[in-house]
Each structure stands twice: as structure tokens, then as C-alpha cells.
Ligand SMILES: [Zn+2]
Ligand SMILES: [Zn+2]
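Residue numbers (the working numbering): 85 to 416.
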């Protein structure tokens, strides 16, 4: 089988591997679409926190595919998405539903081989069947949508407040879409590239700007999804008293920001990090897709066959024009 493998930081190749038999406990799924993101670049470059990756690793943690070896409940031919985090289910974190913090961290595309390959094996409890109407391009956003939804569920913004999303990449755009569940009075996006304006408007953003000085400072929720220290500073400056700052953009392992402690105290701020997604957030995203309440397909702007993965990674590193999710097509 083909497998896009990062052998060690800085070294990757599209390998041709021996096929293995699936274990009797697993379903086998053929990935159809695999999204790539900045975290994949961090894995390739070795800039990810080393506690969350092992090498060599097949990348691919955003994906959807078709079951090729199924069971009675999920037969062959089912179109599915698969939870990437394999939570143990019995540690103290799992027992309280905080499966993103499972003490036995294990995740496809990070600590076990991911979906940029011809096959992935997974136990049935991780596999979620898609309704027929859910497009591949919508389904491929399930993982980043679950990351965003869990962060917003944790922040639980009050309805009617103003929301600021910093960033204009896929995570930021998903945040703009999913914030609507909390009925903000308006959603402002502070982007970096004016080329993203049309995508932002499709995501339901009321105001799109690239000027940090124009956004104001009265947001009851600020979602930092740009992953840059300057953006973190903007998030603190823009948050209203009593507001919530949600950090989900990675600025790079080890990067630091001088915390304005007086402002945090005097402004009664809530600062929230959010790691990955819980099992319940994943199920919530699948329910949104299957009910027709959400369709993320507009976010996919680039498709490449797996063989052209180098160009796909280049598009991710050096965006020009409108760029949403970059997807590898696994069929060709
Ligand atoms: Zn990702
Ligand atoms: Zn656990």
C-alpha cells in the first residue's frame, strides 16, 4: 500500500509498503479524502511538541473513507469518519468525558500511522457512518470541526455577545461557522490575507478585516486561531471585561508571550486553552453533518492526487489566492 511517511523530522517519502491482514478486532477503511494542515507541517518539520508524535509516522489525521472490511453493523461500502484519538475509556480523564486528555495519549497520524495511506484499521467504536448526503469535502473537515467545537463548548459564550475570530485559515473559518450555535450578535474576523475575504463571508462572518487597529476591544469571546504571538497579543487587547479568550492556534513549540497580568485580573478575563477534541464533540459534529445542519464543503479549495503530495504541501506552506482546506484525493 502507498503511505505518506515522515521518516524523521525533515525527511518524508511516499512509500510503497507491504499489505498487512487486518486484525480480527478491526474494521478496515480505505481513505478517500485526507486533509492536510499546519500540524502536518509541524510533524514534517519536527516543530511539533515531541510529546505528541513518534517517528517514523504516516501522517493524516483529517479524513473520511469507505469501509472495505466491515462488520454486521458497519458493512463494507459504508462511508465513514473515524475518531483519531484512541481513548482508553478507563482512566480518570476518560471517565469524566475528557477523553482528549486520556492519560494514554494515542492518535492516528501522530503516535500511530494515519490516513495518508491506502488502508487504515480501526476498532468499530471509533467509526461513525455518514449519511448519504454528506459530501466527502464536508466529511474531511470533521476532525478540525471537532477541535473547534470542543473549544467553543468549553468557552460556552453567552448568546448576544460580539465574537472575534483571529486568523483566516480553516480552523478560524470553522470557528466562524460554529460560533453561530451560540447566537452571537456579530462575528468579526481579523485575517492576515485579503484573499480570504470571500471564504470568510461564506463562513458567515459579518465583518472581515486585516487591520488589527480596526477591530475594537469589546468582544465577549475572542478565538485565537492564527497561531502567532502577535495574534495572541491582539486577542488580549480585544477582549471585553469578563470575556473569554480561547487559544487554539499553535504559535510553535516553546514560543512565549508576556502575559499582561494586571489586565487579566482587572478585566476579569477567562483564558482557555483547548486540546484536540472529546469523543462527545466528535459525535456532535457527525450529528451536525448527518442532520444537514452543517456543510463544510465550501472550505475545501484545493484537491491533489496523493502522488502530487509535494505540490499539496507547497500550497499549504505558501498560500496564494483564496485557500481553505487542502485535500489529498486517495483514489488517483
Ligand atoms: Zn489538522
Ligand atoms: Zn483514558
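For every residue, glycine included, the Cβ atom is placed at its ideal position computed from N, Cα and C.
Note that this is a predicted model, so its numbers are computed, not measured.
### Query
In whole angstroms, what separates the C-alpha of residue 227 from that of residue 351?
33 angstroms
### Segment contact flag, the segment 242-250 with the segment 217-226, C-beta cutoff 8 angstroms, min 3 pairs
no
### Message
When you measure from the CB of residue 228 to every non-hydrogen atom of ligand 1, does any distance come out below 7 angstroms?
### Response
yes
### Query
Mind checking residue 275: buried by the 16 CB within 10 Å criterion, or exposed?
buried
### Query
The beta strand (DSSP E) spanning residue 398 covers which residue range?
Unbroken run through residue 398 is the alpha helix (DSSP H), 393-401; no beta strand (DSSP E).
#### Entry: Rounded Cβ spacing between residue 129 and residue 94 (contact assumed at less than 8 angstroms)
7 angstroms
### Message
Looking at ligand 2, does it come within less than 7 angstroms of residue 169, judged from the CB to the closest heavy atom?
### Response
no
#### Entry: Distance cut-off 7 angstroms: residue 177 Cβ against heavy atoms of ligand 2
yes
### Query
For the candidate residues 405, 362, 102, 292, whose alpha-carbon lies nearest to that of residue 191?
362
### Message
Using a Cβ-based criterion (distance less than 7 angstroms to any ligand heavy atom), does residue 188 qualify as near ligand 3?
### Response
For ligand 3, the structure offers nothing, since it holds only ligand 1 and ligand 2.
### Query
Taking the beta strand (DSSP E) that residue 308 falls in, what are its first and last residues?
303-308
### Query
Hey, is residue 181 close to ligand 2, as in C-beta under 7 angstroms from one of its heavy atoms?
no
### Query
How is the beta strand (DSSP E) around residue 246 delimited, first residue to last?
246-250
### Message
Considering Cα atoms alone, identify which of 139, 410, 371 is closest to residue 217.
### Response
371
### Task
Check the C-beta distance from residue 357 over to residue 331 and give it rounded, since I have them as a contact under 8 angstroms.
5 angstroms
### Pairwise C-alpha distance: residue 414 and residue 144
11 angstroms
### Query
Taking residue 108 as the reference, which of 162, 208, 194, 235 has the closest Cα?
208
### Query
For ligand 1, is there a heavy atom less than 7 angstroms away from the beta-carbon of residue 121?
yes
### Query
For the segment 165-249, which segments carrying the beta strand (DSSP E) assignment without a break, of at least 3 residues, lie completely within its bounds, in sequence order?
204-207, 211-213
### Task
For residue 160, collect the residues of the same chain with a Cβ closer than 7 angstroms to its Cβ; drop the 5 residues on either side in sequence, then sort them by chain order.
151, 152, 153, 154
#### Entry: Three CB pairs or more closer than 8 angstroms across the segment 101-120 and the segment 392-411
yes
### Minimum C-alpha distance to residue 85 - residue among 91, 105, 92
105
### Query
Is any heavy atom of ligand 1 found at a distance shorter than 7 angstroms from the C-beta of residue 146?
yes
### Query
Can you list, in chain order, the residues of its chain whose CB lies under 7 angstroms from that of residue 131, leaving out five sequence neighbours each side?
336, 337
### Query
Taking the C-alpha atoms as reference points, what is the distance between residue 279 and residue 313?
22 angstroms
### Query
In chain order, what residues of the same chain lie with their CB nearer than 8 angstroms to the CB of residue 122, ignoring the 5 residues before and after it?
253, 311, 334, 400
### Task
For residue 307, I'd like the list of residues in its chain whose CB is within less than 6 angstroms of its CB, leaving aside the five on either flank, ordered along the chain.
249, 259, 330
### Query
Are residue 406 and residue 304 closer than 8 angstroms when you measure CB to CB?
no
### Task
Measure from the alpha carbon of residue 327 to the alpha carbon of each residue in 141, 92, 347, then state which is nearest.
347
### Query
Alpha carbon to alpha carbon, what distance is there between residue 281 and residue 185?
35 angstroms
### Message
Below 7 angstroms, is the gap between the Cβ of residue 172 and the nearest heavy atom of ligand 2?
### Response
yes
### Query
Cβ of residue 262 within 8 angstroms of Cβ of residue 229?
yes
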